[in-house]
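**Student:**
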Amino acid sequence: MESRFERDGRFHSRYVEFLQQYQDLGHMTRVSVAGSDLERVCYLPHHGVLRESSLSTKLRVVFNASAPFLAIRTVCQLAEDEGHRFPLGAEALRQKIYMDDVMAGASTLAGAREVVHQLDSICKAGGFPLKKWSANDATILEDLPVEDRLQQERW
Numbered sequence: 001m002e003s004r005f006e007r008d009g010r011f012h013s014r015y016v017e018f019l020q021q022y023q024d025l026g027h028m029t030r031v032s033v034a035g036s037d038l039e040r041v042c043y044l045p046h047h048g049v050l051r052e053s054s055l056s057t058k059l060r061v062v063f064n065a066s067a068p069f070l071a072i073r074t075v076c077q078l079a080e081d082e083g084h085r086f087p088l089g090a091e092a093l094r095q096k097i098y099m100d101d102v103m104a105g106a107s108t109l110a111g112a113r114e115v116v117h118q119l120d121s122i123c124k125a126g127g128f129p130l131k132k133w134s135a136n137d138a139t140i141l142e143d144l145p146v147e148d149r150l151q152q153e154r155w
């Protein structure tokens, strides 16, 4: 990693920015060797994949610790825990997920906006902010930050 950082300053700055954001969100904490219970510390190896052509995420940091069952189970538990506050969001998490994507809808624009609001809220409550939002009517996504929307070319 160090040699790649030296060769590519943009990669290095994006990587540092990602790790700082990860720390700010509480997903990791700095550990000092002195005064730590080293038996209770987990280190995850990681590396960065840089794709300048990507419309949403230029740098994706990959941690070498895959647990697909746990990821699905975590989303199901989130739907269970927060379903009373966000029933439409919980239903979408339970029934409208394919791989990494949630594909939900409604019969009215107002209903679709409510699904978007609840999905966004329930996932943020669980620490999973959603990205790459897309809709067949742009007004549905007006309340979401532009950087969270999928940038699409129109044909």
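Under UniProt numbering, the residues of the sequence shown are numbered 1 to 155, in order. For each residue, glycine too, the CB sits at the ideal point set by N, CA and C.
Roughly how many angstroms separate the alpha carbons of Pro145 and Gln118, rounded to a whole number?
**Tutor:** Numbered from its first residue, the sequence shown carries residue 145 at position 145. Numbered from its first residue, the sequence shown carries residue 118 at position 118. Rounded to whole angstroms, Pro145 to Gln118 spans 15 Å at the Cα level.
**Student:** Ends of the alpha helix (DSSP H) at His117?
**Tutor:** As a first step, residue 117 is located in the sequence shown; it is residue number 117 there, counting from the start. Run containing His117: 109–125, per the alpha helix (DSSP H) assignment.
**Student:** Which residues mark the beginning and the end of the alpha helix (DSSP H) in which Gly9 is found?
**Tutor:** Within the sequence shown, the letter at position 9 stands for residue 9. Per DSSP, Gly9 belongs to the alpha helix (DSSP H) from 9–24.
**Student:** Do Ser104 and Leu93 have their C-beta atoms within less than 7 Å of each other?
**Tutor:** Counting from one through the sequence shown, the residue named residue 104 turns up at place 104. Counting from one through the sequence shown, the residue named residue 93 turns up at place 93. Note that residue 104 is Ala in the sequence shown here, rather than Ser. Not a contact, by the Cβ cut-off of 7 Å.
**Student:** For Phe128, name the three-state secondary structure that DSSP assigns.
**Tutor:** Residue mapping note: residue 128 aligns to position 128 of the sequence shown, counting from 1. In the structure shown, Phe128 sits in coil (DSSP, three-state: anything other than H, G, I, E or B).
**Student:** How many Å lie between Ser13 and Met1 at the Cα?
**Tutor:** The residue you call residue 13 lines up with position 13 of the sequence shown. The residue you call residue 1 lines up with position 1 of the sequence shown. Roughly 13 Å separates the two Cα atoms.
**Student:** Would you identify the three-state DSSP class for Arg73, choosing helix, strand or coil?
**Tutor:** Your numbering for residue 73 matches position 73 in the sequence shown. Three-state DSSP puts Arg73 in a helix.
**Student:** Would you call the stretch 82–91 and the stretch 54–66 in contact, with 3 or more CB pairs under 8 Å?
**Tutor:** Output reads no: the stretch 54–66 does not touch the stretch 82–91.
**Student:** Would you say Val31 and His46 are within 7 Å of each other, going by their C-beta atoms?
**Tutor:** Here residue 31 refers to the residue found at position 31 when the sequence shown is read from its first residue. Here residue 46 refers to the residue found at position 46 when the sequence shown is read from its first residue. No, Cβ-Cβ distance for Val31 and His46 is not below 7 Å.
**Student:** Based on DSSP bridge pairs, tell me the residues matched to Arg60.
**Tutor:** The residue you call residue 60 lines up with position 60 of the sequence shown. DSSP lists Val49 as partners of Arg60.
**Student:** I'd like to confirm the pairing. Which residues does DSSP put opposite Ile97 in its beta bridges?
**Tutor:** Numbered from its first residue, the sequence shown carries residue 97 at position 97. Its beta-bridge partners are Val102.
**Student:** Could you say which of Glu82, Glu142, Gln151, Leu50 lies nearest to Ala110 if we only look at CA atoms?
**Tutor:** Numbered from its first residue, the sequence shown carries residue 110 at position 110. Comparing Cα positions, the closest option is Glu142.
**Student:** When you measure from the CB of Val16 to every non-hydrogen atom of the ligand SAM, does any distance come out below 6 Å?
**Tutor:** The ligand SAM is not part of the structure shown, which contains no ligands of any sort.
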